[in-house]
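One structure is given below, encoded as structure tokens.
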Amino acid sequence: MRLISTSTLTICEFVGSSTPPYGLLSHTWEEGEVSYQEMMAGSARTKRGYSKIEMACKLAKVEGIAYVWVDTCCIDKSSSVELSEAINSMFQWYKDSLICYAYLSDLRPFTDLSRTLKSCRWFTRGWTLQELIAPTNINFFDQNWGFIGNKKDLMEEVSSITGIGVLVLNHTTPLSSVTVATRMSWASYRQTTREEDMAYCLLGIFSVNMPLIYGEGSKAFTRLQEEIIRSICDLSIFAWKAVPDQDERHSRRYSGALAKSPKLFSSCRHIIRSKETRFHADFSVTNRGIRMPAGLIGLSIKNSQGCHYVLCLDCSTEGQSNSSLAIYLRKCGADLFIRDHPSSLATVTPESGNRYRFRTIYILSKLPESPCPLQDGFPSPDDDLVISRRVSAIRICLPPGLVVYNANPPSHRDSQDEVFFSTESTHDGWCAITIEGTLRLDGQHVPVSCFFACFGWNCRQKYLVSTLVNLSTCDPISINRLVSELEREQNDFIPWALEDLEYFGIPLQGFVTLEAAGHTFKLSHIAKKVFVPTICKSEMYQVEIFLD
Numbered sequence: 001m002r003l004i005s006t007s008t009l010t011i012c013e014f015v016g017s018s019t020p021p022y023g024l025l026s027h028t029w030e031e032g033e034v035s036y037q038e039m040m041a042g043s044a045r046t047k048r049g050y051s052k053i054e055m056a057c058k059l060a061k062v063e064g065i066a067y068v069w070v071d072t073c074c075i076d077k078s079s080s081v082e083l084s085e086a087i088n089s090m091f092q093w094y095k096d097s098l099i100c101y102a103y104l105s106d107l108r109p110f111t112d113l114s115r116t117l118k119s120c121r122w123f124t125r126g127w128t129l130q131e132l133i134a135p136t137n138i139n140f141f142d143q144n145w146g147f148i149g150n151k152k153d154l155m156e157e158v159s160s161i162t163g164i165g166v167l168v169l170n171h172t173t174p175l176s177s178v179t180v181a182t183r184m185s186w187a188s189y190r191q192t193t194r195e196e197d198m199a200y201c202l203l204g205i206f207s208v209n210m211p212l213i214y215g216e217g218s219k220a221f222t223r224l225q226e227e228i229i230r231s232i233c234d235l236s237i238f239a240w241k242a243v244p245d246q247d248e249r250h251s252r253r254y255s256g257a258l259a260k261s262p263k264l265f266s267s268c269r270h271i272i273r274s275k276e277t278r279f280h281a282d283f284s285v286t287n288r289g290i291r292m293p294a295g296l297i298g299l300s301i302k303n304s305q306g307c308h309y310v311l312c313l314d315c316s317t318e319g320q321s322n323s324s325l326a327i328y329l330r331k332c333g334a335d336l337f338i339r340d341h342p343s344s345l346a347t348v349t350p351e352s353g354n355r356y357r358f359r360t361i362y363i364l365s366k367l368p369e370s371p372c373p374l375q376d377g378f379p380s381p382d383d384d385l386v387i388s389r390r391v392s393a394i395r396i397c398l399p400p401g402l403v404v405y406n407a408n409p410p411s412h413r414d415s416q417d418e419v420f421f422s423t424e425s426t427h428d429g430w431c432a433i434t435i436e437g438t439l440r441l442d443g444q445h446v447p448v449s450c451f452f453a454c455f456g457w458n459c460r461q462k463y464l465v466s467t468l469v470n471l472s473t474c475d476p477i478s479i480n481r482l483v484s485e486l487e488r489e490q491n492d493f494i495p496w497a498l499e500d501l502e503y504f505g506i507p508l509q510g511f512v513t514l515e516a517a518g519h520t521f522k523l524s525h526i527a528k529k530v531f532v533p534t535i536c537k538s539e540m541y542q543v544e545i546f547l548d
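Take a look at the structure:
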């Protein structure tokens, strides 16, 4: 670590525990800042920024502090290795300092701080966020180096300006206890000169490290979020909200799981962890997306039998601890999801919606390249990123009074469109469901408890093999074993599936006979190919189950 001697104004270098106590200068960069090379060459005095170095050293020397660290000239920025090490260490350097001198170059002396302090550029820059949070002691100065107060004196004003809680600023509340979303919100209105620095300036806020790659642009913030996910088990990182486009035709209905900028966390200032956290497992970054075991919730859709998938984030807004925030998801592949309606969050309670059993799911970090033709640079309003990826699907239509249970395979079941689907043309397609409920016919209530299975619903197949059996005449253990075998082997090849049906003693039949009040009824099914552009881009199967 390089420090400036407050006596000689020369740079000295220290390693590890030999580093002496020091103060720091916090400021906003302007024209004429002094570089490390200029300090070493002796030409620093001619630069406009040298006066800030002199004043910081003067203030420190008066307080008996022998050294000062200044970011402009204590780092050799010509060395990418040194720059990376310094930026990854910077939060700790500020935290370990005896005092930090915050110079507000645009604050005129003798002004009403309640009116002028919030307008200072220092509160809008990305790098000064950690410079505010990390040090225990900060003295603030106006443009003439007049003392205006210390961090303790100005705590309420600074908290109001930055949105950072007083208990965080005075180090009573550790950063680790603040949700990721709230920490991101502190940076949502801040700016940096280089796009990558908007990510790099937050490394210390989240106690993560990563290499610096200038030139990667917005990928830096993506990498930051991925590093946070690897280090912190906090689903609030997904609680950001996209800004709706005024032109709805150009608005993105879908997005990946990760935000493109800290700006999208601007509404997350008051997000806290839920008291009863249901999410205890790890989630991680993979080449397929964000991987996590999750019990999704199905929220009903108006005028539809389908359900919106939502993922509970185990966090809530302050004052609303009885509910949790959640994001909408859309299924786009086998156990694969993207974020739906990214400009809004759902609110769920323990009583909300249908609870799906825990499964390992993947949420795409970013959207795939759209296969849709573009109009004026945007997808056609008639195209849907989800629908356009489906190469085959099957919809099973039930009469009123009947409900689907135990839909398998759940990986290919979409509860929003109420279909099984595949995005792979090599998938022959199989599905199995339990049908329960009561039908009303000729004044009679007919109880129904059936098992339906079909194979080959990928429309490249010339025929569909299906069966409908009464659960009262079929061994439920055999059915469970059949489904387990199909899931285990991913066995949708029709000849093998027929062998499995025979092996487990499940007949191949087109209808079942039901009895009620001495009457006999027949529950039948028929399959046909249909084209439903709101569900699948090509022909799909539709199975009608009906009572004769």
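Here the sequence shown is numbered in the UniProt record's numbering, starting from 1 and rising by one per residue.
Yeah, the Cβ is synthetic: ideal placement off N, Cα and C, and Gly gets one too.
Check                                                                                                                   : Outcome
Assigned exposure category for Gly-377 - 16 Cβ within 10 Å defines buried                                               : Model confidence at Gly-377 stands at a pLDDT of 42, short of 50, so the residue's coordinates are unreliable; what they give is reported in the following sentence. Per the 10 Å Cβ criterion, exposed.
Same chain, Cβ closer than 8 Å to Gly-217, five either side skipped, listed in chain order                              : Glu-195 and Glu-196
Per-residue DSSP class, three states only, for Ala-326                                                                  : strand
For Asp-442, the nearest candidate out of Tyr-405, His-412, Leu-471 and His-519 (CA to CA)                              : His-519
Cβ pair count under 8 Å reaching 3, the stretch 22 to 30 against the stretch 52 to 71                                   : yes
Nearest candidate by alpha-carbon position, reference Cys-268, set Thr-286, Lys-275 and Ala-239                         : Ala-239
Val-34 versus Gly-16, Thr-10 and Ser-18, residue with shortest Cα-Cα distance                                           : Thr-10
Nearest to Gln-225 (by Cα), restricted to the options Ile-213, Leu-212, Tyr-214 and Val-208                             : Val-208
Nonlocal neighbours in the same chain, by C-beta distance under 6 Å from Thr-173, ignoring five residues either side    : Leu-167
Heavy atom of the ligand FAD within 7 Å of Ala-497 beta-carbon                                                          : Judged by which ligands are present, the structure shown has none, so any question about the ligand FAD falls away.
Residue burial classification, Leu-508 (beta-carbon count within 10 angstroms, cutoff 16)                               : exposed
Phe-455: first and last residue of the uninterrupted beta strand (DSSP E) it sits in                                    : 444 to 455
Thr-128: first and last residue of the uninterrupted alpha helix (DSSP H) it sits in                                    : 127 to 133
The stretch 60 to 69 / the stretch 29 to 47 touching (three or more Cβ pairs under 8 Å)                                 : no
Closest by C-alpha distance to Phe-337, when choosing among Gly-256, Glu-227 and Asp-417                                : Gly-256
Sub-8 Å separation of Arg-223 and Ala-242 beta-carbons                                                                  : no
Nearest-angstrom Cα separation, counted from Val-469 out to Thr-438                                                     : 16 Å
Assigned exposure category for Val-15 - 16 Cβ within 10 Å defines buried                                                : exposed
Spatial distance of Ile-229 from Tyr-362 (CA atoms)                                                                     : 14 Å
Glu-436 vs Val-448 beta-carbon contact at 8 Å                                                                           : yes
At least 3 beta-carbon pairs within less than 8 Å: the stretch 100 to 112 vs the stretch 178 to 186                     : no
For Val-404 and Ile-433, believed in contact at Cβ under 8 Å, the rounded distance                                      : 5 Å
Bridge-paired residues (DSSP) for Leu-311                                                                               : Ile-327
Buried/exposed call for Thr-8, threshold 16 Cβ in 10 Å                                                                  : exposed
Pair within 8 Å by beta-carbon distance, Ser-323 and Val-348                                                            : yes
Gln-416 beta carbon less than 8 Å from that of Cys-307                                                                  : yes
Nearest-angstrom beta carbon gap, Thr-467 and Ile-506 [assumed within contact, 8 Å]                                     : 7 Å
Status (buried if at least 16 other CB within 10 Å, exposed otherwise) for Ser-422                                      : buried
Three-state secondary structure assigned by DSSP to Thr-193                                                             : coil
Simplified DSSP state of Asp-142, which is helix, strand or coil                                                        : coil
Residue from Ile-545, Glu-38, Ile-138 and Phe-141 whose Cα sits closest to the Cα of Gly-401                            : Ile-545
In DSSP terms, what Val-68 is bridged to                                                                                : Ile-4 and Gly-23
Residues of its chain near Met-39, where Cβ-Cβ distance is below 7 Å and the 5 sequence neighbours each way are ignored : Ile-11 and Cys-73
Residues near Ser-188 in its chain [Cβ-Cβ closer than 6 Å; skip 5 each side]                                            : Pro-262, Lys-263, Phe-265 and Ser-266
Member of Ser-159, Tyr-50, Ser-79 and Thr-19 whose CA lies at the smallest distance from the CA of Gly-32               : Tyr-50
Inter-residue spacing [alpha-carbon to alpha-carbon] between Ser-185 and Ile-205                                        : 12 Å
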